[in-house]
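Engineer: Heads up: the first sequence is residues 28 to 325, going by the numbering used here. Heads up, the beta-carbon is just placed ideally off N, CA and C, and yes, glycines get one too. Before we start, here is the structure in question, set down as structure tokens.
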Amino acid sequence: MFIELRQLRSLKAIYELGNLTRAAQQLNVTQSALSHQIRSIERYFGLSLFIRKQKQLQLTVAGERLFALAQRIVPQVEETELALQRMAEGSTGRLNIAIECHSCFDWLLPLLDQYRERWPNIEVDVRLGISLDPWPSLASGDIDTVITSDKTEQSDIVFESLFDYEALLAVARDHPLTSKQYIEPHDLGVHTLITYAVPQHQLDIFNYFLTPANVEPASQRSVELTALMLQLVASGRGVAALPNWVLADSLAKNTIAARPLGRKGMHGTMYAAVRQYQRQLAHINEFIVMARQRMSLN
DNA sequence: AGTGTGGGCATGCTTCCTGA
DNA sequence: TCAGGAAGCATGCCCACACT
28 MFIELRQLRS LKAIYELGNL TRAAQQLNVT QSALSHQIRS IERYFGLSLF IRKQKQLQLT
88 VAGERLFALA QRIVPQVEET ELALQRMAEG STGRLNIAIE CHSCFDWLLP LLDQYRERWP
148 NIEVDVRLGI SLDPWPSLAS GDIDTVITSD KTEQSDIVFE SLFDYEALLA VARDHPLTSK
208 QYIEPHDLGV HTLITYAVPQ HQLDIFNYFL TPANVEPASQ RSVELTALML QLVASGRGVA
268 ALPNWVLADS LAKNTIAARP LGRKGMHGTM YAAVRQYQRQ LAHINEFIVM ARQRMSLN
């Protein structure tokens, strides 16, 4: 391939400015360099691009053909360069987030309000990843980050740790389990467990606590909203395993009590999974930094 | 180290403008 | 009309740099 973007830019500048000298000034090269460029195209194709009879350069048919190409290509390239530059600076772009936990809304939504103030030109969208497998969407670029506590080996995906948390069993203030220092799996065998309305295999309380001990709760009730779950727990209609950031407010107001799950507690880390090449984008990096800052304060 | 390429410097040529 | 100067382009030569 012989025709280069550099040459199209030169041809466009020469035609628009009317002579080599002014075009050379605009392109930050010497008149001589520009003349060499044009001559090299002319020699390669064996065609003249300009009629050089007067001082004013006039396009030949071949020159017009190449200039038409330059008029189409150069603005598109410049527009794309600008868009990429802005994307790298973070002044435009998008942040499509998939979250794998219902309770993440509790910290994510206030964070996004703060984020939108800082990055008003970034389009932000949040999708609940529980009902779908978010990883193919992340790999294909359909979404930009997955908020998850499951760190799995994925090629070209980096897991940025956001914060550590502990899942606790929330119970009513006067619940019999408040007498225990920590909860054991069999303690739940006689109580109603309130969970989010998702399949059992997506619930950590089953995966890491009940199923390994071969224990089933006496009954299970599912709800969609965290607030409703907390109300049901507070009124003694069941117990629920929730991360500490969800319980912080209710514990502070003393409307419920909470106990660790197991002697050592059930600890986890929340991650933001992003594609490797997107990690350096300013608006994505800033989201990670803001999430860390916000949750380290809690 | 050899080669290719882009671009700068120096210089010559052509065209245009201006004043006598 | 013509001479002189200015403006603009072309070209040979050279150098720096990238690539193999």
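(1) Could you check how far apart the C-beta atoms of Q112 and Q64 are, in whole angstroms? I think they sit under 8 Å.
(2) Using the rule of at least 16 other Cβ atoms within 10 Å of the residue's Cβ for burial, across every protein chain shown, is F233 buried or exposed?
(3) For N148, tell me which candidate among G120, A97, E313 and T107 has the shortest Cα-Cα distance.
(4) On the CB-based measure, 16 or more other CB atoms within 10 Å of its CB, does V39 come out buried or exposed?
(5) When the distance is taken between beta carbons, is P161 closer than 8 Å to E127?
(6) Per DSSP, which residues does S246 bridge with? Please list them.
(7) Any idea what DSSP makes of S188, helix, strand or coil?
(8) Roughly how many angstroms lie between the CA atoms of E150 and K291, to the nearest whole one?
(9) By a C-beta neighbour count over all protein chains shown, 10 Å radius and 16 as the cutoff for buried, is R36 buried or exposed?
(10) Could you give the C-beta distance for A267 and T238, rounded to a whole number, given that I count them as a contact under 8 Å?
(11) As a quick exercise: from V301, E211, L109 and Y142, pick the residue whose alpha carbon is nearest that of T179.
(12) Express the C-alpha separation of A261 and S182 in angstroms, rounding to a whole number.
(13) In terms of alpha-carbon separation, which member of F236, V225, A224 and V198 lies closest to H218?
(14) Please determine, among R321, M317 and I311, the residue with the shortest C-alpha to C-alpha distance to I394.
(15) So what's V225 in DSSP terms, helix, strand or just coil?
(16) Is it buried or exposed for T172, if we count other Cβ within 10 angstroms and need 16 for buried?
(17) Which runs of the alpha helix (DSSP H) spanning at least 4 residues fall entirely within the segment 29-114, listed in chain order?
Structural biologist: For this structure:
(1) What you label residue 112 is simply residue 85 of the first sequence in a count that begins at 1. What you label residue 64 is simply residue 37 of the first sequence in a count that begins at 1. Q112 to Q64, Cβ: 25 Å. No contact.
(2) Counting from 1 along the first sequence, the entry for residue 233 is found at position 206. Burial call: buried.
(3) Taking the first residue of the first sequence as 1, we reach residue 148 at position 121. Checking every option, the nearest Cα to that of N148 belongs to G120.
(4) The residue you call residue 39 lines up with position 12 of the first sequence. Rather than Val, the amino acid found at residue 39 in this sequence is Lys. Classification for K39: buried.
(5) Locating residue 127 in the first sequence gives position 100, where the first residue counts as 1. Locating residue 161 in the first sequence gives position 134, where the first residue counts as 1. It is a contact, given that the beta carbons lie within the stated cut-off.
(6) Stepping through the first sequence from its first residue, residue 246 is reached at position 219. Answer by DSSP bridge pairing, in chain order: T219.
(7) Sequence index remark: in the first sequence, residue 188 carries index 161 (1-based). If DSSP states are grouped into helix, strand and coil, S188 belongs with the strands.
(8) For this step, residue 150 is matched to residue 123 along the first sequence. For this step, residue 291 is matched to residue 264 along the first sequence. C-alpha of E150 to C-alpha of K291: approximately 41 Å in a straight line.
(9) For the purposes of this step, residue 36 is identified with residue 9 of the first sequence, where counting begins at 1. Label assigned to R36: buried.
(10) Position 240 of the first sequence, counting from 1, holds the residue named residue 267. Position 211 of the first sequence, counting from 1, holds the residue named residue 238. At roughly 17 Å, the Cβ-Cβ gap does not stay under 8 Å, so A267 and T238 are not in contact.
(11) Walking along the first sequence from the start, residue 179 turns up at place 152. The candidate whose alpha carbon is nearest that of T179 is V301.
(12) As a position in the first sequence, residue 182 is number 155, starting the count at 1. As a position in the first sequence, residue 261 is number 234, starting the count at 1. Rounded to the nearest angstrom, the two C-alpha atoms are 44 Å apart.
(13) As a position in the first sequence, residue 218 is number 191, starting the count at 1. Out of F236, V225, A224 and V198, V198 has the C-alpha closest to the C-alpha of H218.
(14) Since the displayed the chain opens at 28 and closes at 325, residue 394 lies outside it and no answer follows.
(15) What you label residue 225 is simply residue 198 of the first sequence in a count that begins at 1. Coil.
(16) Taking the first residue of the first sequence as 1, we reach residue 172 at position 145. A residue is called buried when at least 16 other Cβ atoms come within 10 angstroms of its Cβ; T172 meets this threshold and is buried.
(17) Complete alpha helix (DSSP H) runs here, min 4: 32-44, 47-54 and 58-72.
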